[in-house]
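Chemist:
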Amino acid sequence: MKTKTNYLYFIFLSLISVSLTLISCEKDIREFDVSGKVYDPKLKKNVSNAEVVLRASKIKSGIYNSTYVDLQSTNTSSDGTYSFQTPEEIVSGYRFYFNKKDYFDQLIDIETEDLQRNDGFNLNVNLIPIAYVKLTVENTSPVGSEDEIRFRFKNVEVQCKDCWNKEIITGLGPTYYYSRTAQTSGENDLIIEWVVKKGGQQHIYTDTLRTKAFQTINYNINY
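Anchor point for the sequence shown: position 150 equals 146 in this note's numbering, and the numbering is continuous, going up by one each time.
Encoded structure:
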């Protein structure tokens, strides 16, 4: 009987020890404070309700994985600020994703040791509002088959697949016509230049377009 009592007492103590160990492990998990602000430098205002996602490239069983997985997500408050906590994990790096409708999204890579710090990590970000420019170019006064125009935007600030870029576009012939609508940064003085060759003469032109955030402006070149 005594032996059975001692056995039960041993089991009881073991269960308590395991429970205390689990509680201790839970308390030992470090968490890191992450905070910041999202701002619109063009309209000079804080960006509310912007999505903020923290991603990480995890290392499992010593194997590096280049795929980033979402760890935390939140939205900015009315003053553009955000904050959350993320637990310590074995990762090769972090990546922040900032996004809001009508703004260019942004990806920012962060070193592991920069985020995993006891005094907290702060990241302030500027989001640029999207504007649209519809450009139409047409040879309205043809001279001959050697008519030529070359045009481009000179000071594009944002690069994306649906954006205007700085590449020169060349149009040839008496019936040349071009029309495209593409994105660019809002509230910006966008410089466009074009060179026209007709009848052995060349003329160079430059103009400035004031883009409007979230709106489309039309610009025509008739040559």
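Each residue gets a CB set at the ideal place from its N, CA and C atoms; glycine is no exception.
1. Using the Cα positions of K33 and F147, report the straight-line distance between them to the nearest angstrom.
2. Using alpha carbons as the reference points, say which of Y90, G89, K162 lies closest to I187.
3. Mind checking whether F117 and Q102 have CB atoms under 9 Å apart?
4. Let's test the definition: count the other Cβ atoms within 10 Å of the Cβ of L4 and tell me whether it reaches 16, buried, or not, exposed.
5. Rounded C-beta distance between A52 and V87? I'm assuming under 8 Å.
6. At what residues does the beta strand (DSSP E) containing E183 begin and finish?
7. What is the rounded straight-line gap between the Cα of T202 and the Cα of V191?
8. Comparing alpha-carbon positions, which option in N216, P170, G182 lies nearest R206?
9. Can you have a look at Y173 and say buried or exposed, based on whether 16 or more other CB atoms are within 10 angstroms of its CB?
10. Indicate whether the contact test is met: 3 or more Cβ pairs, each with one atom in the stretch 36 to 55 and one in the stretch 94 to 111, closer than 8 Å.
11. Who are the near neighbours of Q218 in its chain, counting only those whose CB is closer than 7 Å to its CB and skipping five residues on each side?
12. Assuming D110 is part of the alpha helix (DSSP H), what are its boundary residues?
13. Taking the alpha carbon of N184 as the point to measure from, which residue in V139, V129, I164, C156 has its own alpha carbon closest?
14. Please name the residue or residues paired with K41 in a DSSP beta bridge.
Modeler: Looking at the coordinates:
1. Those two C-alpha atoms are separated by around 39 Å.
2. If we check each option's Cα against that of I187, K162 comes out closest.
3. no
4. Note that L4 scores a pLDDT of 44, beneath 50, so its modelled location is shaky and nothing firm can be said.
5. Indeed they touch by this definition, with Cβ atoms about 4 Å apart.
6. Segment: none, E183 is in no beta strand (DSSP E) and carries neither H nor E.
7. 9 Å
8. Nearest option by C-alpha distance: G182.
9. exposed
10. yes
11. Residue identity differs from the one stated: residue 218 is Asn in this sequence, not Gln. The answer, listed in chain order, is E134, T136.
12. 108 to 111
13. V129
14. D36
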